[in-house]
Amino acid sequence: MNEITANLSAEQLAGMIDHTFLKPFGTAENIEKLCAEARKYNFAMVAINPAEVETCVKLLEGSPVRVGAAIGFPLGQTTTECKAFETRDAIEKGATEIDTVINVRALQKGRLDIVKKEIEDMVAICKPAGVICKVILETCYLSDAEKETVCRIAKEADVDFVKTSTGFGTAGATVEDVALMRRVVGPEIGVKAAGGIRDLDTALAMIKAGATRIGTSSGVSIVEAYKVSLG
Numbered sequence: 007m008n009e010i011t012a013n014l015s016a017e018q019l020a021g022m023i024d025h026t027f028l029k030p031f032g033t034a035e036n037i038e039k040l041c042a043e044a045r046k047y048n049f050a051m052v053a054i055n056p057a058e059v060e061t062c063v064k065l066l067e068g069s070p071v072r073v074g075a076a077i078g079f080p081l082g083q084t085t086t087e088c089k090a091f092e093t094r095d096a097i098e099k100g101a102t103e104i105d106t107v108i109n110v111r112a113l114q115k116g117r118l119d120i121v122k123k124e125i126e127d128m129v130a131i132c133k134p135a136g137v138i139c140k141v142i143l144e145t146c147y148l149s150d151a152e153k154e155t156v157c158r159i160a161k162e163a164d165v166d167f168v169k170t171s172t173g174f175g176t177a178g179a180t181v182e183d184v185a186l187m188r189r190v191v192g193p194e195i196g197v198k199a200a201g202g203i204r205d206l207d208t209a210l211a212m213i214k215a216g217a218t219r220i221g222t223s224s225g226v227s228i229v230e231a232y233k234v235s236l237g
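FYI, this note's numbering numbers position 23 of the sequence shown as 29, with every residue one higher than the one before it.
Below, the structure is given as structure tokens:
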């Protein structure tokens with residue numbers, strides 16, 4: 007057991023996990039199972055597409071598990087106005103966390119004004135409503151300089167979290183990217199590692215690098231493996 011896990015209980019680890027079902031296909035049973043598992047393990051939240059928000063709110067009624075909507079997902083290529091509408095709509099339907107994909111192509115064209123506005127709009131909508139807001143960078147497509155730029159914009163806008171990936175890109179979270187993001191945003195803002203985190207060792211490596219949330223569809227197996235490791 008390393009220094010990060012020495013004082014981390016299984017319950018605390020579960021409380022760092024965003025339990026995810028963001029596939030473009032699936033049945034009602036998939037969402038029911040997601041919410042039942044989230045309720046059983048007390049995961050931080052369920053991460054779902056906006057169309058499932060109302061269903062998850064009902065399924066999680068009376069539970070501390072939060073409902074998170076993915077906005078502009080997974081490409082981030084909608085307009086700032088669309089993202090703002092999606093955010094308001096998801097909150098009106100009961101979402102208590104928002105994960106928004108930045109416009110990567112705008113960033114790469116040097117249109118920082120667009121990236122800044124969509125992040126500031128998200129914060130302006132979420133904060134008064136008491137909703138947690140996260141910015142998804144999609145790090146696999148960005149240079150280190152671009153990652154740093156987005157993290158600085160996000161920090162200045164007072165987001166709650168910066169997040170590595172959607173899980174739909176060419177690669178997911180890396181320890182190096184989590185460490186870079188933590189270095190730029192400092193200790194006050196959360197860092198969420200997501201994409202390709204399917205086992206305990208990977209999850210713990212991300213936490214050691216500075217992640218305070220883990221986005222994964224493998225939360226149950228990760229927590230069960232951690233319980234075994236604790237003896």
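We put the CB at the ideal spot given by N, CA and C, even for glycine.
| task | Could you tell me whether the stretch 43-51 touches the stretch 215-235, where touching means 3 or more Cβ pairs closer than 8 Å? | result | Between the stretch 43-51 and the stretch 215-235, the count of C-beta pairs closer than 8 Å reaches three or more; the two stretches touch.
| query | What's the gap between the Cα of Lys123 and the Cα of Leu113? | reply | Looking up residue 123 in the sequence shown gives position 117. Looking up residue 113 in the sequence shown gives position 107. Using only the alpha carbons, I get a separation of about 12 Å.
| message | So, under 8 Å CB-CB, Val192 and Cys146 are touching, yes? Tell me the CB distance rounded to an integer number of Å. | response | To locate residue 192, count along the sequence shown from 1; it is residue 186. To locate residue 146, count along the sequence shown from 1; it is residue 140. Val is not the amino acid found at residue 192; the sequence shown has Gly there. The beta-carbon separation of Gly192 and Cys146, rounded to 24 Å, does not stay under the 8 Å limit for a contact.
| message | Please return the same chain residues whose Cβ sits closer than 8 Å to the Cβ of Asp205, not counting the five positions on each side in sequence. | response | Within the sequence shown, the letter at position 199 stands for residue 205. Closer than 8 Å at the Cβ level, and outside the excluded window around Asp205, lie Ser224, Ser227, Ile228 and Ala231.
| request: State yes or no: is the C-beta of Ala200 within less than 8 Å of the C-beta of Ser171? | output: Reading the sequence shown from its first residue, position 194 is the one you call residue 200. Reading the sequence shown from its first residue, position 165 is the one you call residue 171. Taking a C-beta distance under 8 Å as the contact criterion, Ala200 and Ser171 qualify as a contact pair.
| request: Identify, in the order they occur along the chain, each residue of the same chain with its Cβ nearer than 8 Å to the Cβ of Asp127, setting aside the five sequence neighbours on each side. | output: In the sequence shown, the residue the question calls residue 127 occupies position 121. Excluding its 5 nearest sequence neighbours in each direction, Asp127 has C-beta neighbours in its own chain below 8 Å: Thr86, Lys89, Ala90 and Thr93, listed in chain order.
| Taking Val121 as the reference, which of Pro134, Ala76, Gly100 and Ala160 has the closest Cα? | Sequence index remark: in the sequence shown, residue 121 carries index 115 (1-based). Considering only alpha carbons, the answer is Ala160.
| For the 8 Å Cβ check, are there 3 or more pairs between the stretch 102-112 and the stretch 64-83? | Enough Cβ pairs lie closer than 8 Å, so yes.
| message | Helix, strand or coil for Ile195? Go by DSSP, reduced to three states. | response | Taking the sequence shown and counting its residues from 1, one reaches residue 195 at position 189. In the structure shown, the three-state DSSP call for Ile195 is coil.
| query | What residue does the alpha helix (DSSP H) around Cys146 start on, and which one ends it? | reply | Taking the sequence shown and counting its residues from 1, one reaches residue 146 at position 140. From DSSP, Cys146 is part of no alpha helix (DSSP H); its letter is neither H nor E.
| said: Could you compute how far the alpha carbon of Arg72 sits from the alpha carbon of Asp24? | reply: Mapped onto the sequence shown, residue 72 falls at position 66. Mapped onto the sequence shown, residue 24 falls at position 18. Rounded to the nearest angstrom, the two C-alpha atoms are 9 Å apart.
| request: For Glu154, I'd like the list of residues in its chain whose CB is within less than 6 Å of its CB, leaving aside the five on either flank, ordered along the chain. | output: In the sequence shown, residue 154 corresponds to position 148, counting from 1. Counting only residues of its own chain and dropping the five nearest sequence neighbours on each side, Glu154 has a CB closer than 6 Å to the CB of Val190.
| query | Per DSSP, Cys139 forms a beta bridge with which residues? | reply | Numbered from 1 along the sequence shown, position 133 holds the residue referred to as residue 139. Paired residue(s): Ile104.
| message | According to DSSP, is Phe27 part of a helix, a strand, or is it coil? | response | For the purposes of this step, residue 27 is identified with residue 21 of the sequence shown, where counting begins at 1. The answer is strand: DSSP assigns Phe27 an E or B state.
| Going along the chain, which residues of its own chain have a beta-carbon closer than 6 Å to the beta-carbon of Ala6, five neighbours each way excluded? | Residue 6 is absent from the structure shown; the chain starts at 7 and stops at 237.
| field | Sequence-distant residues of the same chain with beta carbon closer than 7 Å to Leu40, five excluded per side | value | The residue given as residue 40 occupies position 34 in the sequence shown. Excluding sequence neighbours, Leu40 sits near His25, Phe27 and Val52.
| query | Could you give the residue range of the beta strand (DSSP E) that holds Phe91? | reply | As a working note, residue 91 is residue 85 in the sequence shown. Premise fails: Phe91 lies in the alpha helix (DSSP H), Thr86 to Glu98, not in any beta strand (DSSP E).
| request: Note down the Cα distance separating Arg158 from Gly100, rounded to an integer number of angstroms. | output: Here residue 158 is taken as the residue at index 152 of the sequence shown, counted from 1. Here residue 100 is taken as the residue at index 94 of the sequence shown, counted from 1. If you take the alpha carbons of Arg158 and Gly100, they lie about 29 Å apart.
| query | By Cβ distance, which residues of its chain are closer than 7 Å to Arg45, with the 5 residues on each side in sequence left out? | reply | If you number the sequence shown from 1, residue 45 lands on position 39. Cβ within range, chain order: Leu66, Ser69 and Val71.
| task | Could you check what DSSP says for Val71 in three-state terms: helix, strand or coil? | result | Taking the sequence shown and counting its residues from 1, the one referred to as residue 71 is at position 65. In the three-state reduction of the DSSP assignment, Val71 falls in the coil class, being assigned neither a helical nor a strand state.
| When you compare each of Glu58, Met22 and Leu14 to Thr33 by their alpha carbons, which one comes out closest? | In the sequence shown, the residue the question calls residue 33 occupies position 27. Selected option, being the one with the closest Cα: Glu58.
| request: Please go through the same chain and pick out, in chain order, the residues whose beta-carbon is closer than 8 Å to the beta-carbon of Ile37, but skip the five residues on each side of it. | output: In the sequence shown, residue 37 corresponds to position 31, counting from 1. Taken in chain order, the residues that qualify are Phe27, Ile54, Glu58, Thr61, Cys62 and Leu65.
| In the stretch 147-217, which residue ranges form an unbroken alpha helix (DSSP H) of at least 4 residues, counting only runs that do not cross its ends? | Counting only unbroken stretches of 4 or more residues, the alpha helix (DSSP H) elements lying wholly within the stretch 147-217 are 150-163, 181-191 and 206-215, in sequence order.
| Asp119, buried or exposed, once every other Cβ within 10 Å from all chains shown has been counted against 16 | As a working note, residue 119 is residue 113 in the sequence shown. With fewer than 16 other Cβ atoms within 10 Å, it is exposed.
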